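**Student:**
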Amino acid sequence: MHSPQFTAEPSSNGTVERDFTAGDVPGLRSPASGADRAPLTFDVIIAGCGPTGAMLAAELRLHDVRVLVVEKETEPKSFVRIVGLHVRSLELMAMRGLLDRVLQHGRQRPAGGFFAAIPKPAPEGLDSAHAYLLGIPQPVIERLLEEHAIELGAQVLRDRAVAGFEQDDEGVTVELSGGERLRSRYLVGCDGARSTVRKLLGVGFPGEPSRTDTLMGEMKVGVPREEVAAKVAEIGKTHRPFWLRPFGEEVYSVVVPAAGVSDRAEPPTLEDFKQRLRTIAGTDFGVHSPRWLSRFGDATRLAERYRVGRVLLAGDAAHIHPPIGGQGLNLGVQDAFNLGWKLAAQIRGWAPETLLDTYQAERHPVAEDVLDNTRAQVQLLSAEPGPQAVRRLLTELMDFDEVNRHLIEKITAIGIRYDFGEGPDLLGRRLRDIDVRQGHLYGLLHRGRGLLLDRTERLTAGGWSDRVDHLADPTAVLDVPCVLLRPDGHVAWIGDDQQDLDDHLSRWFGKPSG
Ligand SMILES: Cc1cc2nc3c(=O)[nH]c(=O)nc-3n(C[C@H](O)[C@H](O)[C@H](O)COP(=O)(O)OP(=O)(O)OC[C@H]3O[C@@H](n4cnc5c(N)ncnc54)[C@H](O)[C@@H]3O)c2cc1C
Numbered sequence: 008m009h010s011p012q013f014t015a016e017p018s019s020n021g022t023v024e025r026d027f028t029a030g031d032v033p034g035l036r037s038p039a040s041g042a043d044r045a046p047l048t049f050d051v052i053i054a055g056c057g058p059t060g061a062m063l064a065a066e067l068r069l070h071d072v073r074v075l076v077v078e079k080e081t082e083p084k085s086f087v088r089i090v091g092l093h094v095r096s097l098e099l100m101a102m103r104g105l106l107d108r109v110l111q112h113g114r115q116r117p118a119g120g121f122f123a124a125i126p127k128p129a130p131e132g133l134d135s136a137h138a139y140l141l142g143i144p145q146p147v148i149e150r151l152l153e154e155h156a157i158e159l160g161a162q163v164l165r166d167r168a169v170a171g172f173e174q175d176d177e178g179v180t181v182e183l184s185g186g187e188r189l190r191s192r193y194l195v196g197c198d199g200a201r202s203t204v205r206k207l208l209g210v211g212f213p214g215e216p217s218r219t220d221t222l223m224g225e226m227k228v229g230v231p232r233e234e235v236a237a238k239v240a241e242i243g244k245t246h247r248p249f250w251l252r253p254f255g256e257e258v259y260s261v262v263v264p265a266a267g268v269s270d271r272a273e274p275p276t277l278e279d280f281k282q283r284l285r286t287i288a289g290t291d292f293g294v295h296s297p298r299w300l301s302r303f304g305d306a307t308r309l310a311e312r313y314r315v316g317r318v319l320l321a322g323d324a325a326h327i328h329p330p331i332g333g334q335g336l337n338l339g340v341q342d343a344f345n346l347g348w349k350l351a352a353q354i355r356g357w358a359p360e361t362l363l364d365t366y367q368a369e370r371h372p373v374a375e376d377v378l379d380n381t382r383a384q385v386q387l388l389s390a391e392p393g394p395q396a397v398r399r400l401l402t403e404l405m406d407f408d409e410v411n412r413h414l415i416e417k418i419t420a421i422g423i424r425y426d427f428g429e430g431p432d433l434l435g436r437r438l439r440d441i442d443v444r445q446g447h448l449y450g451l452l453h454r455g456r457g458l459l460l461d462r463t464e465r466l467t468a469g470g471w472s473d474r475v476d477h478l479a480d481p482t483a484v485l486d487v488p489c490v491l492l493r494p495d496g497h498v499a500w501i502g503d504d505q506q507d508l509d510d511h512l513s514r515w516f517g518k519p520s521g
C-alpha cells in the first residue's frame, strides 16, 4: 500500500497555506464533484479506522453522506485479539446484511459463561434469533467493516493522523499529520483510548488509572504441549489473567501479568515475557520466535461529553475499561450504529432539533453501565478470599433464571432500553429479528431507514416515505398492533392511532416532506 505524498510547502508557522484538492492525494477522488481539482471537502471526517470508525463510515454512507476516514497506521492492525461479537452486535450485522460474511470467519460458541467467566450456560429462550457468541479475531472484523464501508463509498486515507482542528459555525477545519488542512461539516473522533480528538477538545476523561498491566503475544514454546498444559492448569488457579494456549500448529497465545504499569506506547520485549513467566510459573517455557507482542491495562474511564459543537466522540475514544466479558469493541460498534443515522439526518437536513443530542443521552448511560459491570467483574476475578466468597455467592444466585438472564442481557447488550418516555416495556428496546411475510424483519433494514411495521394495515408513514419504509403485515409475529422502528432497530412508538404515529414520526424523523 502506498502512502499519499503531498506537495504543498508548509508556511513558516508550520501550517499549509492552500486548500488541498483530490488531485494532491493519489488514489483519492473528491466525492463532492468527482473532479480532481475540486476542494477536498467532506460532510464528515472520521479520525480512526478501527471497528468504530469503519462502522460509522458505513452507516453514514447508507445516507449518501460524503465521508473520509483518516487512519494513522499504514496497514490494518495485525495483532490478534480474539474478540467475541455478542448477540446485539450480531443482530446489527444481520440488520445490515453482513451476518453471513462475519459468520464465515468466526466460530459460534454458546452465549453463556462470560460474566466474570462464571461458567453458567445461557438461560433457555434468550430473546434473539442470533443467541450465540461469535469468536472472531479483531483484525478480521476490522477488515470486514472497512471493506463494507469502502464498498458503500467511504474513502479511507491511511498513513495520516488527525493532528489538530478548529471548528466554527459552519464546519471543522481538520489538520493532518502531514500539515494538510481539510474541511468537513463534522468531525468524529473514533481514534481509540488515547484519542487526540478528545484531548484537543479538552473533554475530561475521569475514572481510575491502570493498576495492572497484562502482557499478551503470540510465540513458539520450547517444551512439550503436555508440560505446558499441566503448568498452566496449576498457575491459572492463582494468577488471573494467565494462559498459554495453543494457537495453530506450534504457536501459542501467551497472556501473563506484567511487572507493573508502564507506558503502553512502548511495546514489551520477548525478554519481558520470559522474566514474567519465570516469576509466575517458575519457567519461561523456552518461548521464542514471537509473531507480535503487546500490552494492555485495566484503566476505566468515561468521557464527560460525547459532543462539543461539530465534533463528536465514539468507541474507545469515549470510554475504556478492562477487556473482561469482551464488551469494548461491541460497545464502540453499537455507538456508531446509534450515531450514524442521526448524524446523517443532521447533514441531510431533516433531523429534528434535538436528535443529534440523543446520541449522548442514550449512549453515555450505556457506557456507564458497561464500566460498572467490568468494575464488578474485576472484583469477582480477584484471588482474594473476600471477592472469592462473593463470587461463590453470585455463582449460586445465577442458578435463578432471572439473575442469569439479567447478567447475560447486560453483557450481550440486548437488555438495553433507551428512555423514550412512558410506555409499554418494549418502547425504547430493540426489536428481535421476528418473522414477517417477506422473511425476516432484519432483512428489511439493510438500507438503514426507519420502518413502520403495521399489523392493522390501515396506517401510513405518508409524508416520511423518503425516510421510513412501511410494511403492512397482519401475519408479523408481534403482540402489539404496530411499531415504528428507528434505523438502529429500537422501538420508537407502539400503537394504532394515526395522529399519535404522525407525532412520533415528527419526533424522530423531522418534518414530513411535500
Ligand atoms: C486483550 C484485549 C482483548 C479484547 N477483547 C475484546 C472482546 O473480546 N470483545 C470486545 O468487544 N472488545 C474487546 N477488546 C476491546 C477492543 O479491542 C476495543 O474496545 C476496540 O478496539 C475499540 O475500537 P475503536 O475503533 O473504538 O478503537 P481502536 O480499535 O483503538 O481504533 C482506533 C483507531 O484509530 C487510529 N488512530 C489513533 N489516533 C489517530 C489519529 N490521531 N488520527 C487518525 N487515526 C488515529 C488507530 O490507529 C486505530 O486504528 C479487547 C481489548 C484488549 C486489549
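Just so you know, this note's numbering puts 199 at position 192 of the sequence shown, and the rest follows in order with no gaps.
The beta-carbon is built from N, C-alpha and C at its ideal position, and this holds for glycine as well.
Computed from a predicted model, the values in this text were never measured in an experiment.
#1: By Cβ distance, which residues of its chain are closer than 6 Å to LEU363, with the 5 residues on each side in sequence left out?
#2: Ordered along the chain, which non-local residues of its own chain (more than five positions away) have a Cβ less than 6 Å from that of ASP220?
#3: So, using beta-carbon positions, are GLY457 and LEU485 closer together than 8 Å?
#4: If we ignore side chains and look at the alpha-carbon of each, how far apart do GLY455 and ALA156 end up?
#5: Which partner residues of TRP357 appear in the DSSP bridge assignment?
#6: By Cβ distance below 7 Å, which residues in the same chain neighbour ALA200 in space, the five residues on each side in sequence not counted?
#7: Is it a yes or a no for the segment 355-362 touching the segment 328-342, going by three-plus beta-carbon pairs under 8 Å?
#8: Within 10 angstroms of the Cβ of ARG285, are there 16 or more other Cβ atoms? Answer buried if so, exposed if not.
#9: Which value, in whole angstroms, describes the spacing of the CA atoms of PRO248 and GLU273?
#10: Who does THR48 pair with in a DSSP beta bridge?
#11: Are there any heavy atoms of ligand 1 lying less than 7 Å away from the beta-carbon of PHE303, as far as the coordinates show?
#12: Rounded to a whole number of angstroms, what is the C-alpha to C-alpha distance between ARG462 and GLY517?
#13: Among PRO329, LYS281 and ARG399, whose alpha-carbon lies nearest the alpha-carbon of LEU378?
#14: Please state the DSSP three-state secondary structure of ILE143.
#15: Grouping DSSP H, G and I as helix and E and B as strand, with all else coil, what is PRO38?
#16: Within 10 angstroms of the Cβ of LYS244, are there 16 or more other Cβ atoms? Answer buried if so, exposed if not.
#17: By Cβ distance below 7 Å, which residues in the same chain neighbour ARG108 in space, the five residues on each side in sequence not counted?
#18: Identify which residue in ARG68, HIS137, LEU387 and VAL475 has its Cα closest to the Cα of LEU401.
#19: Quick check: the Cα distance between GLY91 and VAL340, rounded to an integer number of angstroms?
#20: Tell me the DSSP secondary structure of PRO253 in three-state form.
#21: Would you tell me roughly how many angstroms separate the C-alpha atoms of SER513 and THR467, rounded to the nearest one?
#22: Examine the Cβ distances between the segment 363-374 and the segment 389-400 and report whether three or more of them are shorter than 8 Å.
#23: Within 10 Å of its beta-carbon, does GLY55 have 16 or more other beta-carbons around it, so buried, or fewer, so exposed?
#24: On the three-state DSSP scale, how would you describe LYS349?
#25: Three or more C-beta pairs closer than 8 Å, one from the segment 476-483 and one from the segment 135-142: is that the case here?
#26: To the nearest angstrom, how far is it from the Cα of LEU110 to the Cα of ASP176?
#27: On the criterion of 16 or more Cβ atoms from any shown chain inside 10 Å, does ASP291 qualify as buried, or is it exposed?
#28: Taking ILE125 as the reference, which of ASP198, GLN384 and ASP509 has the closest Cα?
#29: Just to confirm, are CYS197 and THR307 a CB contact at a threshold of 8 Å?
#30: Nearest-angstrom Cα distance between ASP71 and ASP495?
#31: Excluding the 5 residues preceding and the 5 following ARG298 in the sequence, name in chain order all residues of the same chain whose CB lies nearer than 6 Å to its CB.
#32: Per DSSP, what kind of secondary structure is LEU491 in: helix, strand or coil?
**Tutor:** Here's the rundown:
#1: Indexing the sequence shown from 1 puts residue 363 at position 356. Taken in chain order, the residues that qualify are LYS349 and GLN353.
#2: Position 213 of the sequence shown, counting from 1, holds the residue named residue 220. Closer than 6 Å at Cβ, skipping near neighbours: ALA265, VAL268, ARG302 and GLY304.
#3: Your numbering for residue 457 matches position 450 in the sequence shown. Your numbering for residue 485 matches position 478 in the sequence shown. No. Outside cutoff.
#4: One-based indexing of the sequence shown puts residue 455 at position 448. One-based indexing of the sequence shown puts residue 156 at position 149. GLY455 and ALA156: Cα-Cα distance of roughly 13 Å.
#5: The count along the sequence shown starts at 1 and reaches residue 357 at position 350. None; TRP357 has no bridge partner.
#6: Taking the sequence shown and counting its residues from 1, the one referred to as residue 200 is at position 193. If we look at ALA200 and ignore the five residues flanking it on each side, its Cβ neighbours are ASP323 and ILE327.
#7: no
#8: Here the question's residue 285 lines up with position 278 in the sequence shown. Its Cβ having fewer than 16 others within 10 Å, ARG285 is exposed.
#9: Here residue 248 refers to the residue found at position 241 when the sequence shown is read from its first residue. Here residue 273 refers to the residue found at position 266 when the sequence shown is read from its first residue. Cα to Cα, PRO248 sits roughly 21 Å from GLU273.
#10: The residue given as residue 48 occupies position 41 in the sequence shown. In the DSSP output, where bridge partners are listed per residue, THR48 has ARG190.
#11: Counting from 1 along the sequence shown, the entry for residue 303 is found at position 296. Yes; taking the cut-off as 7 Å, the Cβ of PHE303 has a heavy atom of ligand 1 nearer than that.
#12: For this step, residue 462 is matched to residue 455 along the sequence shown. For this step, residue 517 is matched to residue 510 along the sequence shown. Approximately 24 Å, taken between the alpha carbons.
#13: Here residue 378 corresponds to residue number 371 of the sequence shown, with the count starting at 1. The candidate whose alpha carbon is nearest that of LEU378 is PRO329.
#14: In the sequence shown, counting from the first residue as 1, residue 143 sits at position 136. Three-state DSSP puts ILE143 in a strand.
#15: Within the sequence shown, numbered from 1, the residue matching residue 38 stands at position 31. With a pLDDT of 41 at PRO38, under the threshold of 50, the modelled position of that residue is not reliable, and no figure is offered here.
#16: By 1-based counting over the sequence shown, the position of residue 244 is 237. So LYS244 counts as exposed.
#17: In the sequence shown, the residue the question calls residue 108 occupies position 101. So the list reads LEU151, once near-sequence residues are dropped.
#18: Against the sequence shown, residue 401 aligns to sequence position 394. Minimum Cα distance to LEU401 is reached at LEU387.
#19: Counting from one through the sequence shown, the residue named residue 91 turns up at place 84. Counting from one through the sequence shown, the residue named residue 340 turns up at place 333. Distance between the alpha carbons of GLY91 and VAL340 is about 13 Å.
#20: Reading the sequence shown from its first residue, position 246 is the one you call residue 253. In this structure, PRO253 counts as strand in the three-state DSSP scheme.
#21: As a working mapping, residue 513 is identified with position 506 in the sequence shown. As a working mapping, residue 467 is identified with position 460 in the sequence shown. Rounded to whole angstroms, SER513 to THR467 spans 13 Å at the Cα level.
#22: no
#23: Position 48 of the sequence shown holds residue 55. By the 10 Å Cβ count, GLY55 comes out buried.
#24: In the sequence shown, counting from the first residue as 1, residue 349 sits at position 342. It is helical.
#25: no
#26: Position 103 of the sequence shown, counted from the first residue, corresponds to residue 110. Position 169 of the sequence shown, counted from the first residue, corresponds to residue 176. C-alpha separation (whole angstroms): 44 Å.
#27: Translated into the one-based positions of the sequence shown, residue 291 becomes position 284. By the 10 Å Cβ count, ASP291 comes out buried.
#28: The count along the sequence shown starts at 1 and reaches residue 125 at position 118. It is GLN384 whose Cα lies nearest to the Cα of ILE125.
#29: Here residue 197 refers to the residue found at position 190 of the sequence shown. Here residue 307 refers to the residue found at position 300 of the sequence shown. Not closer than 8 Å, so no.
#30: Position 64 of the sequence shown, counted from the first residue, corresponds to residue 71. Position 488 of the sequence shown, counted from the first residue, corresponds to residue 495. Using only the alpha carbons, I get a separation of about 17 Å.
#31: Within the sequence shown, the letter at position 291 stands for residue 298. Excluding positions up to five away in sequence, the list reads GLU225.
#32: By one-based count along the sequence shown, residue 491 stands at place 484. Residue state, collapsed to three classes: strand.
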